[in-house]
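**Student:** The opening residue of the sequence shown carries number 3 in my numbering; numbering runs sequentially from there. Where is the CB? At the ideal position from N, CA and C, for every residue including glycine.
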Amino acid sequence: MFIDIHSHQATQKFHTVINADLNPTDNWCSYGVHPWYVEQTTVTSLQKLEQLIQQPNCVAVGECGLDKICNTAWDKQMHWFEQQIQLSEKHQKPLLIHCVKAIQEIIVLKRQYQPQQPWIFHGFRKTTTLQQVLNEGFYISIGAAVLSDEKLQAIVPEIPINRLFLETDDQPISIVSIYEKVAQIRAVSVEELEQQLLENYQRVFEKTKI
3 MFIDIHSHQA TQKFHTVINA DLNPTDNWCS YGVHPWYVEQ TTVTSLQKLE
53 QLIQQPNCVA VGECGLDKIC NTAWDKQMHW FEQQIQLSEK HQKPLLIHCV
103 KAIQEIIVLK RQYQPQQPWI FHGFRKTTTL QQVLNEGFYI SIGAAVLSDE
153 KLQAIVPEIP INRLFLETDD QPISIVSIYE KVAQIRAVSV EELEQQLLEN
203 YQRVFEKTKI
């Protein structure tokens with residue numbers, strides 16, 4: 003089974019975790035408030051988010067996080083990200099993180115909260131901070147950038163296989179192509195990679211049966 007840890011394509015053929023923009027879905031999904039949209043977030047929408055997180059089909063909280071190049075006020079980003087950290091811990095579901103130029107701030111928050119739930123950087127491309135991220139215990143999800151980004155390709159073998167996930171995010175491509183590229187880079191068979199990432203999924207999302 004090819005696990006697509008984060009896709010905005012609700013019709014994706016393979017098992018997906020999608021950000022559903024707070025609209026209920028029958029698919030396996032995650033629910034979260036993206037930092038781009040926290041200006042519109044209210045206590046009421048947070049209450050709705052908490053209700054959705056408790057649905058049987060929800061396997062994670064997010065994507066949520068911090069983004070220094072968007073126009074959203076930083077204090078609001080921080081506030082609503084921390085609210086979702088708390089929801090992740092309260093409902094015992096992993097956190098899918100959107101991070102743009104804010105890795106140090108997210109590390110500080112992780113140290114502060116000392117979460118029991120796994121934190122996963124989605125769309126990881128922060129090649130110069132890989133070791134720091136690994137030392138802090140994060141999981142890493144890689145997307146379509148690995149098909150062409152040579153710097154990202156160079157660090158793929160350095161990622162412990164038990165801390166790795168793959169995703170399509172908002173790209174209209176097959177998750178299989180990403181598996182094939184990562185397997186090639188790591189010099190393993192697609193079947194071996196598929197089995198290991200399935201084990202990762204079952205460990206991190208232990209409450210979800212697939």
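Rounding to the nearest angstrom, what Cα-Cα distance links I5 and T43 in this structure?
**Tutor:** Approximately 30 Å between the Cα atoms of the pair.
**Student:** According to DSSP, is E267 part of a helix, a strand, or is it coil?
**Tutor:** The first residue shown for the chain is 3 and the last is 212, placing residue 267 beyond what the model contains.
**Student:** Span of the alpha helix (DSSP H) holding A156?
**Tutor:** It spans E152 to I157 - the alpha helix (DSSP H) in which A156 sits, taken as one unbroken run.
**Student:** Find out if the Cβ-Cβ distance for the pair H10, H124 is shorter than 8 Å.
**Tutor:** No, these two residues do not count as a Cβ contact at 8 Å.
**Student:** Would you mind sorting S32 into buried or exposed? The rule is 16 or more other CB atoms within 10 Å of its CB.
**Tutor:** Burial call: buried.
**Student:** Who are the near neighbours of Q118 in its chain, counting only those whose CB is closer than 7 Å to its CB and skipping five residues on each side?
**Tutor:** Excluding residues within five positions, the ones whose Cβ falls inside 7 Å are E91.
**Student:** Could you check the C-alpha separation between I87 and Q49 for me, to the nearest Å?
**Tutor:** One C-alpha to the other measures close to 14 Å.
**Student:** In angstroms with no decimal places, state the Cα-to-Cα distance between C60 and I142.
**Tutor:** Whole-angstrom Cα-Cα distance: 20 Å.
**Student:** Below 8 Å on the Cβ atoms is my guess for I122 versus P159; work out the distance and round it to an integer in Å.
**Tutor:** The pair is not a contact, with the Cβ atoms about 20 Å apart (cut-off 8 Å).
**Student:** For D77, name the three-state secondary structure that DSSP assigns.
**Tutor:** DSSP places D77 in helix when its eight states are reduced to three.
**Student:** Between the Cα of A156 and the Cα atoms of N164, G64 and I144, which residue gives the shortest distance?
**Tutor:** The candidate whose alpha carbon is nearest that of A156 is I144.
**Student:** As an exercise, report each continuous beta strand (DSSP E) stretch of at least 3 residues that is fully enclosed by the region 67 to 147, in chain order.
**Tutor:** Complete beta strand (DSSP E) runs here, min 3: 97 to 102, 121 to 123 and 141 to 144.
**Student:** Give a yes or no on whether the C-beta atoms belonging to A146 and I105 are separated by under 8 Å.
**Tutor:** No, Cβ-Cβ distance for A146 and I105 is not below 8 Å.
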